[in-house]
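Trainee: Just so you know, the sequences run in chain order A and B.
Each residue of the first sequence is one higher than the last, beginning at 1 in my numbering.
Each residue of the second sequence is one higher than the last, beginning at 511 in my numbering.
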Amino acid sequence: MKTNKQLKPLIIATVIGAQLSISALAADGSVTATNGTAEIPALAADSGSSADASEIKTLKSEIDDLVKKVNALEQQRGPTEQAATIQNLDQQVRVLQRQRELDQDAAVAKSTTAPKISLGANGFIFSSGDSNFVAQIHGLVQLDNRSFDRDGHANGNDGFLLRRARPIFTGTVFHDFDYNFTPDFGGNVVQIQDAYLNYRYAAELQVQAGKFKSPVGLEQLQSDPVTAFNERSLATDLVPNRDLGLALKGDLFNGAASYTLGLFNGAQDYSGSTTNLSFQDNRAFEGRVFFQPWKNTDANALRGLGFGVGGSYLDNHPATNAATGLTSGYTTDGQQKFFSYNSGVNANGTAWRISPQGYYYYGPLSLLGEYVVSDQWVTKGKTSAELQNTAWEISGGWVLTGEESSYAGITPLHPFDPRKNQWGAVQVVTRFSGLDVDRKAFQYGFASTTKSADSAQAWAVGLNWFLNKNIRANVSFSHTTFGGFNGKPAPGVVPAQSENVLFTRIQLAF
Amino acid sequence: MKIFLKTFLILAVAATAQANEVKLLNVSYDPTRELYVDYNAAFTKYWQAKSGDDVNVSQSHGGSGKQAQSVINGLEADVVTLALAYDIDAISQQSKLLSADWQKRLPNDSTPYTSTIVFLVRKGNPKGIKDWDDVVKKGVSVVVANPKTSGGARWAYLAAYAYALEKNNHDDAAAKKFIAQLYKNVPVLDSGARGSTVTFAQRGIGDVLLAWENEAHLALKEFGADKFDIVTPSLSILAEPPVAVVDKNAKRHHTTEIANEYLKYLYSDEGQEIAAKNFYRPRNEAIAAKYAANFNQVKLVTIDQEFGGWTKAQQTHFADGGVFDQIFQPQN
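(1) The alpha helix (DSSP H) with A/G325 in it runs from where to where?
(2) In this structure, what does DSSP give as the bridge partners for A/Y199?
(3) What are the partner residues of A/L119, as DSSP defines its beta bridges?
(4) How many whole angstroms separate the CB atoms of B/W665 and B/A749, which I take to be in contact at a CB cut-off of 8 Å?
(5) For the region 469-498 of chain A, which segments carrying the beta strand (DSSP E) assignment without a break, of at least 3 residues, lie completely within its bounds, in sequence order?
(6) Which same chain residues, not among the five before or five after A/N254, have their C-beta less than 7 Å away from its C-beta?
(7) Can you tell me where the alpha helix (DSSP H) holding B/I627 begins and where it ends?
(8) Going by CA-CA distance only, name the one from B/K809, B/K637, B/V589 and B/N656 that's closest to B/A672.
(9) According to the neighbour-count rule (16 or more other Cβ atoms, all chains shown, within 10 Å of its Cβ), is B/H827 buried or exposed?
(10) Measuring only between beta-carbons, confirm whether B/S651 sits less than 9 Å from chain A.
(11) Does any CB atom of chain B fall closer than 9 Å to the CB of A/A106?
(12) Does the pairing of the region 462-476 of chain A with the region 248-266 of chain A give three or more beta-carbon distances under 8 Å?
(13) List, in order along the chain, the chain B residues whose C-beta lies closer than 8 Å to that of A/N132?
(14) To the nearest angstrom, report how far apart A/I117 and B/I747 are at their CA atoms.
(15) Can you check whether the CB of A/D237 is closer than 9 Å to the CB of A/A391?
(16) Do B/V698 and A/V95 come within 9 Å of each other at the CB atom, strictly closer than that value?
(17) Less than 9 Å separating the beta-carbons of A/G139 and A/G123?
(18) When you check each C-beta in the region 81-104 of chain A against every C-beta of chain B, which residues fall closer than 9 Å?
(19) Look at the alpha carbon of A/Q357 and the alpha carbon of A/A319, and state the distance between them as a whole number of angstroms.
(20) Over the uninterrupted alpha helix (DSSP H) stretch that includes A/Q376, give me the two end residues.
(21) If you measure from the beta carbon of A/H175 to each beta carbon in chain B, is any gap under 9 Å?
(22) I'd like to know if B/R713 contacts chain A, where contact means its C-beta is closer than 9 Å to some C-beta of that chain.
(23) Is the distance from the Cβ of A/V289 to the Cβ of A/S258 below 9 Å?
(24) Would you list, in chain order, the members of the region 697-709 of chain B that have their beta-carbon closer than 7 Å to a beta-carbon of chain A?
(25) What would DSSP say about A/R150, mapped onto helix, strand or coil?
(26) Hey, how far is the Cα of B/G818 from the Cα of B/W722?
(27) To the nearest angstrom, how far is the alpha carbon of B/Y549 from that of B/S778?
(28) Please go through the same chain and pick out, in chain order, the residues whose beta-carbon is closer than 8 Å to the beta-carbon of A/R242, but skip the five residues on each side of it.
(29) Between which two residues does the alpha helix (DSSP H) containing B/H763 stretch?
(30) Anyone know if the C-beta pair for B/P792 and B/Y539 falls short of 9 Å?
(31) Evaluate the contact criterion for the region 422-442 of chain A versus the region 373-390 of chain A: three or more CB pairs, one atom per stretch, below 8 Å.
(32) To the nearest angstrom, how far is it from the Cα of B/A600 to the Cα of A/Y407?
(33) Along the beta strand (DSSP E) that carries A/L435, what are the first and last residues, could you check?
(34) Spell out a yes or no on whether the region 554-573 of chain B and the region 713-732 of chain B are touching, meaning 3 or more CB-CB pairs, one atom from each, closer than 8 Å.
(35) Three-state secondary structure (DSSP) at A/T86?
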């Protein structure tokens with residue numbers, strides 16, 4: 001009956017329309033219909049014509065008949081047809097609604113399978129819909145300036161330096177296989193920094209093969225764009241840089257502990273210039289364990305505490321020249337060599353390193369320290385000795401603008417935008433470090449006190465300005481003094497006098 | 511070197527031991543959800559008693575064709591229990607995850623149960639739908655899934671086509687006309703059989719649902735026998751949903767033995783009972799007789815007899831440019 005009520009006005013309107021048409025043909029008078037009955041105003045009678053009156057009467061009769069017919073039709077056909085119409089409309093609406101649901105489902109399904117592209121502070125990321133395949137493009141460019149104090153101090157080269165210029169290609173294939181390929185066009189030589197494949201069975205169990213950072217030094221393992229100073233400390237002089245090898249690694253207990261255990265070619269003490277091959281037959285075991293026991297707890301003051309130990313062991317190192325088997329030279333903060341072995345000196349025998357290490361981050365505070373022992377058997381002619389070189393460093397920082405500091409870097413709360421009176425994050429940093437070469441190196445003639453120092457101590461202070469997550473500017477000053485040098489000052493003889501150097505850097509990292 | 515290898519192996523074994531719980535993924539088609547919920551519970555008990563190991567079977571459901579494509583694209587199914595053999599053939603051919611002779615590994619061409627296509631109509635059958643001729647009448651709204659993605663919809667299409675062929679003395683043109691008329695009556699195509707059931711039963715669309723027999727019974731069970739009636743047409747098709755171990759996935763997951771056992775157990779008395787209780791026609795004759803009252807008698811044609819097997823049927827009717835593409839015009 002509801003449907004009848006809905007359609008009735010339509011039918012009445014139709015009747016009215018019909019009646020109006022008829023009346024228009026008949027006379028100028030108006031015809032209205034109410035509740036299915038027609039009323040003819042007295043207009044026709046006023047014409048004074050009996051013929052007209054008869055005609056009007058006839059018409060009225062016809063209209064009455066029509067109204068009756070309409071009413072009869074409404075009674076007879078209305079309910080069925082109206083119900084059918086309504087049902088039909090209802091089905092159409094339901095179909096449209098269902099189609100909309102299916103379209104939405106299809107859109108959701110498509111969104112999970114369609115490739116995704118994103119561009120942001122973390123670089124360019126291309127991903128398959130199911131994230132099983134990911135390709136990322138990152139980059140790191142560091143433009144440095146070094147200014148050495150020439151007034152009675154060690155004399156390095158002043159000038160600008162493209163310290164690092166790296167396109168970084170990382171990604172994932174078949175969900176579990178990560179890759180990294182990082183060439184470096186900075187400095188004097190183009191070299192491959194990283195080229196490895198990492199299989200993730202689980203976060204706890206991964207296997208990585210290729211060229212990557214040796215798992216020994218804490219400062220060395222910190223990502224290049226986020227180190228406190230332009231150059232790493234004297235402690236890093238004694239740990240290996242990137243090397244070729246195979247490592248088992250993983251994060252346990254949601255990162256509260258991590259481990260890496262690997263077999264590597266066995267790189268010499270830190271060298272900025274890495275190789276893609278081996279210089280001797282034996283392999284070195286290298287490994288590191290690191291703990292952050294409170295990482296996943298509510299103990300705020302302890303969450304950022306981490307400590308561990310890294311080390312390496314190479315048994316029976318075959319005779320290999322000093323530059324590739326021991327060190328190409330220990331360098332200052334200003335990257336000047338203050339110690340190197342004499343010609344004819346070889347690495348020969350067991351070599352091992354150990355590096356207890358730790359850091360502490362709490363709010364804007366950062367502290368990082370490590371101690372390194374590098375023990376190597378060395379020969380020259382028939383003379384052989386075990387040399388034990390040691391180094392240490394401790395660095396600290398404070399973010400003046402209040403951001404949280406971490407091993408992974410600092411993200412400004414208010415990225416640089418002068419129009420909004422936002423200036424990024426500013427951090428002050430300081431560092432103390434030292435390196436001692438085993439005295440036997442000089443006593444047995446493996447090194448010369450007229451060319452090399454037997455020790456170096458350095459301090460540095462700096463200011464880091466993080467304009468945003470991608471751009472950083474640094475300025476720092478470093479002072480290094482040397483011990484045990486008995487030679488005369490001369491061009492290129494670094495340890496004859498202390499080194500003062502002012503660094504600046506503009507960095508883009510994404 | 512030896513120390514390194516020993517350490518590596520110890521850690522690897524430790525990691526494997528940590529992941530000791532046996533997990534199986536059964537990728538199935540749309541209407542088997544309830545069947546495999548029951549079956550997995552039974553199998554878990556059986557396997558625990560037999561081997562002492564716990565097994566956790568996960569289920570994935572969707573249109574059979576879509577599910578097959580997901581496995582081809584990397585969904586790591588240990589076993590597949592799909593609506594039709596062609597979909598497992600596609601996995602074998604396109605991904606080589608199992609050998610081409612997979613269907614010979616288990617009895618009845620690896621089809622432990624069968625089903626057919628029936629009509630589910632609204633209570634009292636207001637449109638008087640009794641056979642396929644009524645389904646193609648003007649003004650009858652038919653709900654069925656998309657045969658491009660749904661195995662059940664392919665069986666339904668072929669059942670209707672087989673009826674039309676028989677009615678028209680195997681005149682293919684007449685059968686095409688018949689099937690075209692049928693799909694003119696379809697207002698919306700879901701991607702899977704379960705979606706069609708939702709369209710018909712929950713959304714209240716259409717006069718008749720072309721449904722798997724088990725799905726029609728389930729609708730009665732779920733929504734109430736006072737809402738729908740099942741109508742069995744004079745002729746339908748013998749639907750034989752097959753099962754197979756996805757060899758390479760199972761090997762990689764170290765689940766080959768349990769995956770094989772999982773499928774074999776479908777043929778056991780308990781497995782067959784569970785199938786029958788879920789309105790699948792069991793292969794076991796004794797159990798089929800026990801549950802005969804659940805299944806109406808109907809003349810059934812087979813895919814091999816009527817259409818020359820799945821490969822030919824797929825190519826002729828459902829491949830791009832096939833008969834379905836020629837006759838179906840979306841209504842909006």
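The C-beta atom is built at its ideal place from N, Cα and C for all residues, glycine as well.
Mentor: Considering the structure as presented:
(1) It spans A322 to G325 - the alpha helix (DSSP H) in which A/G325 sits, taken as one unbroken run.
(2) In the DSSP output, where bridge partners are listed per residue, A/Y199 has A/F177 and A/V207.
(3) A/L119 is bridged to A/F124.
(4) Rounded, the Cβ-Cβ distance is 4 Å, consistent with contact.
(5) With a minimum length of 3 residues, the continuous beta strand (DSSP E) runs that stay inside the region 469-498 of chain A are 471-483.
(6) Setting aside the 5 residues that flank it on each side, A/N254 is surrounded in the same chain by N296, each with a C-beta closer than 7 Å to its C-beta; the list follows chain order.
(7) B/I627 -> not in any alpha helix (DSSP H); beta strand (DSSP E) instead, spanning I627 to R632.
(8) Among B/K809, B/K637, B/V589 and B/N656, the Cα nearest to that of B/A672 belongs to B/K809.
(9) Burial is judged here by how many other beta carbons sit within 10 angstroms of a residue's own beta carbon; B/H827 has at least 16 and is buried.
(10) Chain A, which has a Cβ nearer than 9 Å to the Cβ of B/S651, makes this yes.
(11) So, interface residue.
(12) Short answer: they don't touch.
(13) Scanning chain B for C-beta atoms nearer than 8 Å to the C-beta of A/N132 yields G584, reported in chain order.
(14) Cα to Cα, the separation comes out at about 47 Å.
(15) Taking the C-beta atoms as reference points, A/D237 is found nearer than 9 Å to A/A391.
(16) Yes, these two residues count as a Cβ contact at 9 Å.
(17) Cβ distance < 9 Å, so A/G139 and A/G123 count as in contact.
(18) Those residues of the region 81-104 of chain A that come within reach of chain B (Cβ to Cβ, closer than 9 Å) are D90, Q91, Q92, R94, V95, L96, Q97, R98, Q99, E101 and L102.
(19) In this structure, the straight-line span from the alpha carbon of A/Q357 to that of A/A319 is close to 31 Å.
(20) Unbroken run through A/Q376 is the beta strand (DSSP E), L365 to K380; no alpha helix (DSSP H).
(21) Closer than 9 Å: yes.
(22) Interface annotation, B/R713: in contact with chain A, CB-CB separation under 9 Å.
(23) In this structure, the beta-carbon distance from A/V289 to A/S258 falls below 9 Å.
(24) Only those residues of the region 697-709 of chain B whose C-beta falls short of 7 Å from the nearest C-beta of chain A are listed: P697, V698, D700 and T709.
(25) A/R150 carries a coil assignment under DSSP once its states are collapsed to helix, strand and coil.
(26) Using only the alpha carbons, I get a separation of about 22 Å.
(27) Each residue's Cα considered, the two are about 11 Å apart.
(28) Result list for A/R242: Q193, D194, K211, F212, K213, S214, A267 and T274, in chain order.
(29) D757 to H763 is the span of the alpha helix (DSSP H), which, as asked, contains B/H763.
(30) Cβ atoms of B/P792 and B/Y539: not closer than 9 Å.
(31) Segments in contact, yes.
(32) Cα to Cα, the separation comes out at about 50 Å.
(33) Counting along the chain, the beta strand (DSSP E) containing A/L435 begins and ends at A425 to D436.
(34) Below 8 Å, too few C-beta pairs join the region 554-573 of chain B and the region 713-732 of chain B to call them touching: fewer than three.
(35) Checking the displayed sequence, the identity of residue 86 of chain A turns out to be Ile instead of Thr. Assignment of A/I86 by DSSP, reduced to helix, strand and coil, places it in the helix class.
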